[in-house]
Amino acid sequence: MAEPTNTPMPPGTPVRSLSPEPALPSLIPDASKFLPAHLRTSSGGNAAAPPKRPIVLHIGDEIKYNPKTYAEFSTAFEVVRPSAAERDRPEFIRALKERRWGDFSAIFRPFWGTGGEMGRWDAELIDLLPDTVKVFASAGAGFDWADTKLLGEKGIIYCNSGLAAAEAVADFAVAMIISTFRHLPWCISAAVFSPTSSDPNTPSTSAEAFQTCHARATAVSHNPRGHVLGLIGFGNIGQQIAAKLGHPAFGMRIAYYDVERKPVDLETSLSATFHPTLTSLLAASDCVVLATPASPDGKPLITASTLAAFQRGTRFVNVARGSLVDEEALADALDNGTLSAAALDVHADEPRVNARLVEMARALLVPSSPTTGRGASGPGPGRVMLTCHNAGGTVETHIGFEELSMRNILAVLKGGKALTPVNLGYLKQGE
Ligand SMILES: O=CC(=O)O
């Protein structure tokens with residue numbers, strides 16, 4: 003996303019795009035060779051001797067995919083990697099207090115699955131950072147695991163890696179959007195159904211489940227073409243979803259809401275219609291997709307009150323953050339027909355998934371009066387698709403996470419500009 007879009011919005015601003023926009027040159031260099039990492043694992047002993055090169059605190063797994071960039075990175079910097087035990091929050095705090103890793107200049111988290119063991123980067127951790135820290139570059143499009151405002155106020159630029167994840171997230175969103183139109187969870191689960199329930203509405207044999215689905219899914223399934231896809235957040239991810247599902251491919255009509263209206267030529271190239279308010283977007287959409295970062299205050303955007311603005315029978319997809327959705331209100335909306343289907347990759351209380359939504363995802367209930375889709379009311383089969391925060395998770399994303407995080411640190415510590423900063427708005431002038 004262009005820097006302004008990715009800069010934190012003023013308090014109270016509702017949404018912005020999930021990922022940065024500037025086109026980077028390929029983030030995926032030759033990854034064919036595995037470079038043994040020249041890493042110094044902290045011994046847990048005394049502070050390091052004064053460094054000749056800036057120290058980079060590398061949290062999480064070793065670099066796997068980008069040997070060329072890592073060779074440059076580890077030549078330019080002294081890379082210090084705390085052990086797994088040191089990344090546990092109490093030990094991490096102890097180490098920061100002891101200045102065990104010296105006066106480091108950057109924090110580097112190249113992976114998504116590791117490096118977060120110390121928990122949220124809140125005031126407790128940030129206040130312990132040495133004044134030398136200039137940049138924190140991390141894997142991940144989302145950045146709700148760090149108080150980026152406080153980091154900015156301390157003069158530390160936080161760079162996310164949404165750009166590297168955008169294609170994977172957009173691809174996954176496409177699958178989820180199609181699922182809401184075609185009731186894929188029903189089609190999949192009926193084919194592999196094994197009867198366990200005594201519920202009279204539930205098919206009692208797998209053959210019956212198969213035939214029921216085969217016969218009845220038609221009545222509630224629709225082609226996406228011509229339907230309005232309402233994107234909340236129109237950064238790199240939202241734009242890629244629009245490009246994949248709009249004209250000429252799937253022929254959906256693209257609408258979006260973002261804190262910043264995008265340039266007209268971009269709107270034109272994606273045939274996207276801007277809505278100045280969330281309510282107006284919701285009222286116009288046949289399928290609403292969340293592609294925006296978590297609210298800075300952690301509050302949900304999709305609540306009973308915003309759900310009231312949806313058209314009856316709308317579909318809903320979340321590939322952004324679970325905290326953006328009041329899941330009980332969402333389950334109510336599925337129960338009362340406000341929503342005809344939902345697909346959620348992210349959940350409010352991961353790794354736990356809302357029990358009502360799980361029940362709906364498992365349901366093989368036959369609709370008592372199949373409708374034409376919109377306006378389907380009451381529990382219906384296959385209306386909820388739930389996945390395990392998988393949208394961004396591809397090898398290509400991880401190659402990009404590593405590369406982009408290193409490039410951000412190289413840029414900032416060599417006196418240049420961060421590539422994908424998200425908190426410049428909180429840095430004092432001149433920093
Ligand atoms: O959720 C995934 C990410 O933040 O990249």
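Mapping to my numbering: the sequence shown position 118 is 120, numbers consecutive.
Every residue gets a Cβ at the ideal spot worked out from N, C-alpha and C, and that includes glycine.
Following the DSSP letters along the chain, one finds residue 316 inside the beta strand (DSSP E) bounded by residues 316-320.
In chain order, 167, 170, 171 place their CB closer than 6 Å to the CB of residue 394, counting only its own chain and leaving out the 5 sequence neighbours on each side. Residue 270 sits exposed, since fewer than 16 C-beta atoms from the chains shown fall within 10 Å of its C-beta. Contact check between the stretch 171-187 and the stretch 151-160: fewer than three CB pairs, one atom from each, fall below 8 Å, which does not count as touching. Per the CB criterion, closer than 5 Å to any heavy atom of ligand 1, the qualifying residues run in chain order as 142, 143, 144, 167, 394. Rounded to whole angstroms, the gap between the alpha carbons of residue 87 and residue 115 is 16 Å. Taking the CA atoms as reference points, residue 162 sits about 26 Å from residue 318. Secondary structure within the stretch 286-358: the beta strand (DSSP E) runs of 3 or more consecutive residues, fully enclosed, are 289-292, 316-320, 341-346 (chain order). Taking C-beta atoms under 8 Å as the contact rule, residue 398 and residue 356 fail to qualify, at a distance of about 30 Å. With contacts defined as CB atoms closer than 8 Å, residue 71 and residue 405 qualify as a contacting pair. Contact between the stretch 133-142 and the stretch 284-295 is not established, with fewer than three Cβ pairs separated by less than 8 Å. Look at residue 362 here: in three-state DSSP terms it is helix. Considering only 142, 316, 327, 211, the residue with the shortest C-alpha distance to residue 292 is 327. Distances from the CA of residue 190 to each of 80, 384, 362 were compared; the closest alpha carbon is that of 384. When secondary structure is reduced to three states using DSSP, residue 275 falls in the strand class. Residue burial is scored here from C-beta neighbours: residue 266 has fewer than 16 other C-beta atoms within 10 angstroms and is therefore classed as exposed. The shortest C-alpha to C-alpha distance from residue 310 to any of 339, 105, 299, 298 is the one to 339. The distance from the Cβ of residue 123 to that of residue 59 is about 12 Å, inconsistent with a contact at the 8 Å cut-off.
Judged by DSSP in its simplified three-state form, residue 390 adopts coil rather than helix or strand. Contact between residue 388 and residue 359 is confirmed by a C-beta separation of about 6 Å, below the 8 Å threshold. Between the stretch 251-264 and the stretch 137-147, the count of C-beta pairs closer than 8 Å stays below three; the two stretches do not touch. When 386, 391, 223, 248 are compared, the shortest CA-CA separation from residue 324 is found for 391. Between residue 226 and residue 247, the CB-CB gap stays under 8 Å.
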